[in-house]
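Heads up: the sequence shown runs through residues 4 to 351, numbered per the working numbering. Note that CB positions come from ideal geometry on N, CA and C, so glycine has one too.
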Amino acid sequence: MTPRKHHWKPGLGAILAMAFALVLAHGVPGVASESPSQHFTNAALAQQLKQDAIVTPLPESPEDQQLQETVRKSEAKAAAQAKRKHRAQPLTRKQREFTRDYRSVALRAAQRAHIRNPWMFVRQMAAESGFQPCVRSGAGAIGIAQIMPATARGWDVDPYNADAALTVAAQHMARYEKQYGSYKLALAAYNAGPGAVKSAGMRVPAYSETQNYVHKILDRSYPLPGMRQVYHLPGGLQAGFGSRLKALQQDVKRHGGGRLVINEGWRSYENSAHVWKLAKKQHHGWQGAVAWAAPPGCSNHSRGQAADLKKGRALNMAHKLAANHGLIFPMAREPWHIERAGIKTQSG
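Structure representation (structure tokens):
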């Protein structure tokens, strides 16, 4: 995206900030005058308020309008896809594919939460996760909104449920924006914590990570992952994995292991969501469930890179021969679960 010039017009927030600065500069009749140090502190605070009032970009920029049209088309495509999936006749591989434009979900969540400029929230979520619902950071932040486990418990949300996580994150960003007076400080509160913003004197804390985070979201010229893509899952096994699995079946039979039966291969997003729901119920929430099942869309079954094999003599032989075909059995608790070697392994 190209940089956009901001033709700023003084709104109510900026007028109040400038009025506040004048009061601080000249004093209030009947009130004792302040010391030079107090005057310097108050003047600096007034200047910061003025900057925060200016920094929020105007809504509906050309970039916003272009993305709005992209989102509209994605929503129409998703509606048509959902309609096809409810038909009685069998679906083709193409029709079984799962595509979701999470930019649209984020935008609607921000609008419902009454964030002043909803597209800032869309950019924020793109910066957080690239709109990938299964990502987990090195620090332990989870999912599309990159929510820490303790925070997820406090917010009472499943961070792997993309729609729910975006809804709750938008609600909290709207509350921060109202509490701190600008989206700039709301971003700082989301990244570093509300306490850090207060400790910094209602400014962006002097953490390089937080300052960079705030800058790249507010600067529209900064390219963010996820702003130009949609989330997609295949409608069947990936060709490379399928061919390896077929070669393993033939190898098992050639070595006297018999017929290697595939109980389950590709798993639809809808089935993945159903399995996750059952796991949460059985294991008392998402934290217990994640040790036994993959969240929706996060399983390598849904990615077309995993299969579950039938127990028996053929499976035992497959364990001995799998490495020859670039395949692995990654989970001791599920010795029937096979995946392609070299990919990110997840439960499920």
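Three-state secondary structure assigned by DSSP to residue i
i: A227; result: This sequence places Leu at residue 227; Ala is not what is there. Here L227 sits in coil by DSSP.
i: D161; result: coil
i: L240; result: coil
i: R139; result: strand
i: L281; result: helix
i: L110; result: helix
i: R206; result: coil
i: L330; result: strand
i: R262; result: coil
i: R156; result: helix
i: R343; result: strand
Bounding residues of the alpha helix (DSSP H) (the contiguous stretch that carries residue i)
i: I220; result: S211 to L221
i: R336; result: That residue, R336, is in no alpha helix (DSSP H); it is neither H nor E in DSSP.
i: N266; result: Looking at the DSSP string, N266 is not in any alpha helix (DSSP H); the run it does join, the beta strand (DSSP E), is I265 to E267.
i: W289; result: W289 to A292
i: R126; result: P121 to S132
i: A321; result: R316 to L324
Cβ-based neighbour list, residue i, same chain, cut-off 7 Å, excluding 5 preceding and 5 following
i: Q149; result: E131, S132 and S140
i: H117; result: A177
i: R270; result: S302, H304 and S305
i: H286; result: A292 and W295
i: M320; result: V255, H258 and G260
i: H322; result: F332
i: A242; result: none
i: Q214; result: V207
i: A282; result: A292, W295 and A296
Member of the options whose CA lies at the smallest distance from the CA of residue i
i: V264; options: R270, H258, Q253 and Y272; result: Q253
i: N164; options: N215, G239 and H277; result: H277
i: F244; options: A173, D311 and R223; result: D311
i: M98; options: A326, H235, V293 and M123; result: This sequence places Gln at residue 98; Met is not what is there. Considering only alpha carbons, the answer is H235.
i: P228; options: E100, A113 and Y105; result: Y105
i: V171; options: L110, A282 and R223; result: L110
i: Q308; options: G315, F332 and G288; result: F332
i: D127; options: L281, E212, A321 and L190; result: The sequence shown places Gln at residue 127, rather than the Asp named in the question. Taking only the C-alpha atoms, the option nearest Q127 is L190.
i: K314; options: K280, P299 and N266; result: N266
i: D222; options: W122, D166, P237 and P338; result: W122
i: R96; options: G238, M230, V207 and E337; result: G238
i: K347; options: K280, R336, A297 and P208; result: A297
i: N194; options: A209, A317, N274 and G204; result: A209
i: R156; options: Q290, I341 and K249; result: Q290
i: Y272; options: R262, R316 and E100; result: E100
i: P299; options: R316, G288 and N274; result: N274
i: A325; options: A250, R316, E337 and G204; result: A250
i: R231; options: P338, E337, L318 and F134; result: F134
Beta-carbon proximity list for residue i, same chain, < 6 Å, skipping 5 on both sides
i: A192; result: Y179 and V200
i: G268; result: L240 and A310
i: C137; result: C301
i: Y216; result: N194
i: E212; result: none
i: L188; result: V200
i: M334; result: H340
i: T102; result: V233 and H235
Continuous beta strand (DSSP E) stretch holding residue i: start and end
i: D311; result: A309 to L312
i: T102; result: F101 to R103
i: H235; result: Y234 to L236
Proximal residues to residue i (C-beta, below 8 Å), its chain only, five neighbours per side dropped
i: R247; result: H328, G329, L330 and R343
i: M151; result: A142, G143, A144 and I145
i: A173; result: A109, A112, A113, R115, A116, I118 and F124
i: L169; result: Y105, V108, A109, A112, M128, I147 and A148
i: T154; result: none
i: I220; result: M123, R126, Q127, A130, L190 and L227
i: A167; result: V160 and D161
i: H218; result: Y225
Residue-level contact to chain C via CB, residue i, 8 Å cutoff
i: I145; result: The structure shown contains no chain C, having only a single protein chain.
Residue i Cβ short of 7 Å to the ligand HEM heavy atom set
i: K219; result: No copy of the ligand HEM occurs in the structure displayed, which carries no ligand at all.
Every unbroken alpha helix (DSSP H) within the stretch 164 to 190, with a cutoff of 4 residues, ordered by chain | 165 to 183
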